[in-house]
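Counting in my numbering, the sequence shown runs from 883 upward without gaps.
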Amino acid sequence: MPIPLRPPVVIHHPEPEPPPPVIEEEVVEEEGSYVFHTRYMLWRAILWLLIALGIQALASLMPAVVELVYSQTIYYYIARWLTLVNTFFGFSIGEILLAFLVLWFTIWTLWYLRRAFRRESRFFDVIKLLILHLVWTLSFLWVVLLLMWGLNYERLPISDTWRLETRPARSDELQNMGAKIANGINTNYIAATGGRSLGVASSSPLTVQDLNQVIEEAFQRTAMLAEASQGGFGRPKTLYLSRLASYLDITGLYMPFTGEVAYNQELPAAQLPFVIAHHKAHQRGYAREDEANLVAYIVCTTSSHAFVRYSGYLHAVKLLNVIERSGLPSSKSTIGPGPSGDLDSISRFWEGMKSPYVSDLGIRLLNIHLRINRIRTGVANYDEDIPLIIGYYLRYPSAN
């Protein structure tokens, strides 16, 4: 169904004198047409919204079917077909489409508000049509999103498919995990930097192209990913609006409509490998943020390059923080000055980009997106990978 380029707004001309009978008939006809179009748009918006809710509700009742039929079969054909298209473009098509959509709605709103203020159209009619247009467009896009990627939110939990341990970890087990993570941070930092403590934020020894190749090879060696370990997925692309992404507290994006991974080029280098792996996990069908974090952690820490492994272990510092807050002896104090400098650099970067309005807007939009897709905890889902990492180490005690 084509998306209209302009809404059916009725222009009401000022009436300084009583119009002749013929003009009255035309006005009645125009008003009747206006009522018809607004009702048609309302019912169309409701129809698409009900379709989206119906698809989502039905999928939530059969996660095993979604896992087998959609996530492990249909979705991989969709992702590869999208890759065949976007691989010919060096820029993110999804970013261009998103920017165009926002720009179009902004111009549309300003143009018709101007008409309302000039009394060429009723203000109430413009606002009503704007809301109807937004609801209809977003409902339609939601249906497309569900079919192209969003059904992955309804697949079986990764803790079930990977048979991760869900029992509480003992204190000695937590301490062993903490020591393993701290050791992984230190040894891989030394291997990546040649044994030197740089005293400044790390710089990546890999180009983005080489980084993508290392991460792809790690994905394809991770047997527990099953179908998700296959290749044939598009390379990561730079976000042209990286500064805006930084203000919005966005490290990167997965564009479901185009199948593209896009990363914030302003990121501290130590974060970049993990961020790319995280969004490539989204690209492979792991929609939940905690599950994408777990996949990225395993892929990074088992990769062939020390800097990528270092980035993965550095992400797990938050597990050391949890151990420390629980009152147990933590291995965080054993982290060397080089990695500590990277952690400080990452913290300073994001603190410097915080805005009381723009950053909150980004978090609120992401929170709405996750809740609409049945992630009840919203943005808190990003930190819910901690139990998954613990469950992974309990299930595989000898893992790196």
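The beta carbon of each residue, even a glycine, is placed where N, CA and C say it ideally should be.
Contact set for Asn1034: own chain, Cβ-Cβ below 6 Å, skip 5 residues either direction: Your numbering for residue 1034 matches position 152 in the sequence shown. Closer than 6 Å at Cβ, skipping near neighbours: Ser953, Gly1167 and Ala1169.
Distance between beta carbons of Ala927 and Ser1021, contact taken as under 8 Å: On the sequence shown, residue 1021 is found 139 positions in, with the first residue counted as 1. On the sequence shown, residue 927 is found 45 positions in, with the first residue counted as 1. Going by Cβ atoms, the distance from Ser1021 to Ala927 rounds to 6 Å, so yes, they are a contact pair.
CA nearest to the CA of Asn1263, picked from Glu1173, Ala1151 and Phe1156: Residue 1263 sits at position 381 when you count from the first residue of the sequence shown. Asn1263 has its Cα closest to that of Glu1173, out of Glu1173, Ala1151 and Phe1156.
Contact test: Lys1010 Cβ vs the ligand NAD heavy atom, cutoff 6 Å: Ligands in the displayed structure: none, and consequently the ligand NAD is not present.
Close Cβ partners of Ile1325 (< 8 Å) along its chain, the five nearest in sequence each way excluded: One cannot answer for residue 1325 here, as it falls past the ends of the chain, which runs 883 to 1282.
Test item: CB-CB of Gln1102 and Gly1113 under 7 Å: By 1-based counting over the sequence shown, the position of residue 1102 is 220. By 1-based counting over the sequence shown, the position of residue 1113 is 231. Yes, these two residues count as a Cβ contact at 7 Å.
Cα-Cα separation between Gly972 and Leu950, rounded to whole angstroms: In the sequence shown, the residue the question calls residue 972 occupies position 90. In the sequence shown, the residue the question calls residue 950 occupies position 68. One C-alpha to the other measures close to 33 Å.
Val1085 vs Ala1151 beta-carbon contact at 7 Å: Walking along the sequence shown from the start, residue 1085 turns up at place 203. Walking along the sequence shown from the start, residue 1151 turns up at place 269. A small fix is needed here, since residue 1085 is Ser in this sequence, not Val. A contact, by the Cβ cut-off of 7 Å.
Assigned exposure category for Glu912 - 16 Cβ within 10 Å defines buried: As a first step, residue 912 must be located in the sequence shown, where it is residue number 30. In this predicted model, Glu912 has a pLDDT of only 47, less than 50, meaning its place in the structure is not dependable; the value taken from the coordinates is given anyway. Exposed: under 16 other Cβ atoms inside 10 Å.
CB of Trp930 within 7 Å of CB of Val1026, strictly: As a first step, residue 930 must be located in the sequence shown, where it is residue number 48. As a first step, residue 1026 must be located in the sequence shown, where it is residue number 144. Their beta carbons are not under 7 Å apart, which means Trp930 does not touch Val1026 by this criterion.
Opening and closing residue of the beta strand (DSSP E) in which Leu1135 lies: Sequence index remark: in the sequence shown, residue 1135 carries index 253 (1-based). It spans Gly1134 to Met1137 - the beta strand (DSSP E) in which Leu1135 sits, taken as one unbroken run.
contact_flag[the region 1153-1160, the region 980-989] where n(CB pairs < 8 Å) is 3 or more: no
Buried or exposed (CB count within 10 angstroms, at least 16 for buried), Arg888: Here residue 888 corresponds to residue number 6 of the sequence shown, with the count starting at 1. Note that Arg888 scores 49 on pLDDT, short of 50, meaning its location in the model is unreliable; the coordinates nonetheless yield the value given after this. Looking at its Cβ environment, which holds fewer than 16 other Cβ atoms inside 10 Å, Arg888 is exposed.
Uninterrupted alpha helix (DSSP H) stretches inside the region 1101-1152 (no shorter than 4 residues): 1124-1129
Pro1211 classed as buried or exposed, judged by whether at least 16 other C-beta atoms fall within 10 angstroms: Walking along the sequence shown from the start, residue 1211 turns up at place 329. Exposed, since its Cβ has fewer than 16 Cβ neighbours within 10 Å.
Candidates Pro1279, Ala1281, Gly1273 and Ser1280: closest to Arg1049 by CA position: Mapped onto the sequence shown, residue 1049 falls at position 167. Per the Cα distances, Gly1273.
N-terminal and C-terminal residue of the alpha helix (DSSP H) that Phe1005 is part of: Reading the sequence shown from its first residue, position 123 is the one you call residue 1005. Segment Phe1005 to Met1030, the alpha helix (DSSP H) holding Phe1005.
Validate contact between the region 1255-1271 and the region 1182-1190 using beta carbons, cut 8 Å, 3 pairs: no
Reference Leu983, options Tyr957, Leu1016 and Phe970, closest by Cα: Reading the sequence shown from its first residue, position 101 is the one you call residue 983. The residue with the shortest Cα to Cα distance from Leu983 is Leu1016.
Pro1221 to Tyr1136 span [Cα, whole Å]: For the purposes of this step, residue 1221 is taken as the residue at position 339 of the sequence shown. For the purposes of this step, residue 1136 is taken as the residue at position 254 of the sequence shown. Taking the straight line from one Cα to the other gives about 28 Å.
Local conformation of Asn1282 per DSSP, three classes: Taking the first residue of the sequence shown as 1, we reach residue 1282 at position 400. Coil at Asn1282, not helix or strand.
Given Glu1148 as reference, the closest of Pro1087, Ser1124, His1164 and His1161 once Cα atoms are compared: Position 266 of the sequence shown, counted from the first residue, corresponds to residue 1148. For Glu1148, the nearest C-alpha among the options comes from Ser1124.
Status (buried if at least 16 other CB within 10 Å, exposed otherwise) for Val948: Mapped onto the sequence shown, residue 948 falls at position 66. Looking at its Cβ environment, which holds 16 or more other Cβ atoms inside 10 Å, Val948 is buried.
Rounded straight-line distance, which links the Cα of Tyr994 to that of Ala1163: As a first step, residue 1163 must be located in the sequence shown, where it is residue number 281. As a first step, residue 994 must be located in the sequence shown, where it is residue number 112. Cα to Cα, the separation comes out at about 42 Å.
Residues of its chain near Ile1097, where Cβ-Cβ distance is below 8 Å and the 5 sequence neighbours each way are ignored: Stepping through the sequence shown from its first residue, residue 1097 is reached at position 215. The residues are Pro1155, Ile1158, Ala1159, Lys1162, Val1181, Cys1182, Ser1185 and Val1190.
C-beta contact flag for Ser1283 and Ala1083 at 7 Å: Residue 1283 cannot be examined here, being either before or after the span of the chain that is shown, 883 to 1282.
Selected residue, minimal CA-CA separation from Asn1065, among Arg1277, Asp1242, Leu1247 and Gly1218: The residue given as residue 1065 occupies position 183 in the sequence shown. Measuring from the Cα of Asn1065, the nearest candidate turns out to be Gly1218.
Whole-angstrom C-beta distance between Ile1205 and Leu1056, which should lie under 8 Å: The residue given as residue 1056 occupies position 174 in the sequence shown. The residue given as residue 1205 occupies position 323 in the sequence shown. So it is a contact: roughly 5 Å between Cβ atoms.
CB of Ala1144 within 7 Å of CB of Ser1280, strictly: The residue labelled residue 1144 in the question sits at position 262 within the sequence shown. The residue labelled residue 1280 in the question sits at position 398 within the sequence shown. It is not a contact, given that the beta carbons lie outside the stated cut-off.
Proximity to Ile1132 [Cα-Cα], best of Thr1120, Tyr1278 and Phe1139: Start at 1 with the first residue of the sequence shown, and residue 1132 comes out as number 250. For Ile1132, the nearest C-alpha among the options comes from Thr1120.
Residue of Gln938, Ile1040 and Gly1209 minimising C-alpha distance to Leu1107: On the sequence shown, position 225 is the one that residue 1107 refers to. Looking at the Cα atoms, Ile1040 is the closest of the given residues.
Alpha-carbon to alpha-carbon, Ala946 and Leu1038: As a first step, residue 1038 is located in the sequence shown; it is residue number 156 there, counting from the start. As a first step, residue 946 is located in the sequence shown; it is residue number 64 there, counting from the start. Computed Cα separation, rounded: 6 Å.
Cβ shell of Ile960 (< 7 Å), same chain only, five flanking positions each side left out: Your numbering for residue 960 matches position 78 in the sequence shown. Closer than 7 Å at Cβ, skipping near neighbours: Met1030.
Counted within 10 angstroms of its Cβ, other Cβ atoms place Leu1270 as buried (16 or more) or exposed: For the purposes of this step, residue 1270 is taken as the residue at position 388 of the sequence shown. By the neighbour-count rule (16 or more Cβ atoms within 10 Å), Leu1270 is buried.
Contacts around Ile1071, its chain only, beta-carbon distance under 7 Å, and the 5 residues preceding and following it disregarded: Against the sequence shown, residue 1071 aligns to sequence position 189. According to the sequence as given, residue 1071 is Tyr; it is not Ile. Closer than 7 Å at the Cβ level, and outside the excluded window around Tyr1071, lie Tyr1192, Gly1218, Gly1220 and Pro1221.
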